[in-house]
Structures are given as C-alpha cells and as structure tokens.
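Novice:
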Amino acid sequence: MKKNLLSLLFCGSLLAVSTLVESCYYYNETDLYGPTTCDTSTAKFTAFVSPLMMTACASSGCHSATAKASGIDLSSHTTIKAYITGSKAAFIGSMKRTSGYSAMPKGASKLADCDITKLEAWIAAGMQNN
Numbered sequence: 004m005k006k007n008l009l010s011l012l013f014c015g016s017l018l019a020v021s022t023l024v025e026s027c028y029y030y031n032e033t034d035l036y037g038p039t040t041c042d043t044s045t046a047k048f049t050a051f052v053s054p055l056m057m058t059a060c061a062s063s064g065c066h067s068a069t070a071k072a073s074g075i076d077l078s079s080h081t082t083i084k085a086y087i088t089g090s091k092a093a094f095i096g097s098m099k100r101t102s103g104y105s106a107m108p109k110g111a112s113k114l115a116d117c118d119i120t121k122l123e124a125w126i127a128a129g130m131q132n133n
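The sequence shown lines up with residues 4 to 133 when you count with my numbering.
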C-alpha cells in the first residue's frame, strides 16, 4: 500500500513537472501558425490602394490634390495611375526605400512589406479602378 502510494505521488509529480516545463516553452508565430504569407487577392483599388494612399501619401501637406509635394498627387485613381505609369521605378523604389530614391512615406515608418507586395500586385494587374 505504501509502495503504491509512493508510486502514485512520484508519477503525479512527474506529470506536474512535465506540464510546467511544457507550458513554459516559447512558441514563435511560425511554429504555431506556419509561415506567414501575403494575400495579394485583396489588392483592389477601393479596398486597399486608395485607403493606403490616403493615409500614407495623400495626407495634408504631402501628395494630396491641393498640396502636391514635388508635384505628385496621389489622391485619386487617375492621378495615382498616371504617376505610376510615368514613374513606376521611383514609386516602388521610394516605398521600398531603395538607395537612390527618396524614402516614403517621409517622416514615417516604412510601409509593411506585405503592403508593398500588394501595391506591386495591383500595378502588375493593370492598376484597375476596382
């Protein structure tokens, strides 16, 4: 009886320790959810490009219809498409902060890599007003 009780206590202690050790293990996001991917299917003008441009680029004093910093207006589909058509390398180079291009958005953090990938996907798909 005493031997069975000791065995039971020993096994219970091992279970408690293994649970504690396992619960303290650090899982990173990739281990938990797999590699993250960028869903470019949401790269539509009205749902993604326009809100991003309005927030990051066409805000007051920058590339709005009235301010046009450096002569660039990124406030509508027509003006965005026209600018990218004539200056695609400058647009993407600025967003990616590639050497030789003016880092944009100026005075703010670089856009998320996925946002830049979505912009490139929208451009590659013909810059539709969708």
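Backbone N, C-alpha and C define an ideal beta-carbon position, used for all residues, glycine too. None of these values were measured; they are calculated from a predicted model.
Mapping DSSP to helix, strand and coil, what is C117?
Specialist: helix
Novice: Report buried or exposed for S67, applying the criterion of at least 16 other Cβ atoms within 10 angstroms of its Cβ.
Specialist: buried
Novice: Using only alpha-carbon positions, find the residue among G64, C41 and V52 that is nearest to K109.
Specialist: G64
Novice: So within the segment 62–129, which uninterrupted alpha helix (DSSP H) runs reach at least 4 residues, ignoring any that extend past its ends?
Specialist: 80–99 and 116–127
Novice: Return the Cβ separation of G96 and Y86 in integer angstroms, given the expectation that the two are a contact with Cβ distance under 8 Å.
Specialist: In fact, because the Cβ distance is near 13 Å, the residues do not count as touching under 8 Å.
Novice: Taking C-alpha atoms, which residue in V52, S44 and C41 lies nearest to N132?
Specialist: V52
Novice: On a Cα-Cα basis, can you pick out the residue from C60, G129 and K121 that is closest to K71?
Specialist: C60
Novice: To the nearest angstrom, how far is the alpha carbon of L77 from that of T45?
Specialist: Their backbone Cα atoms lie some 20 Å apart in a straight line.
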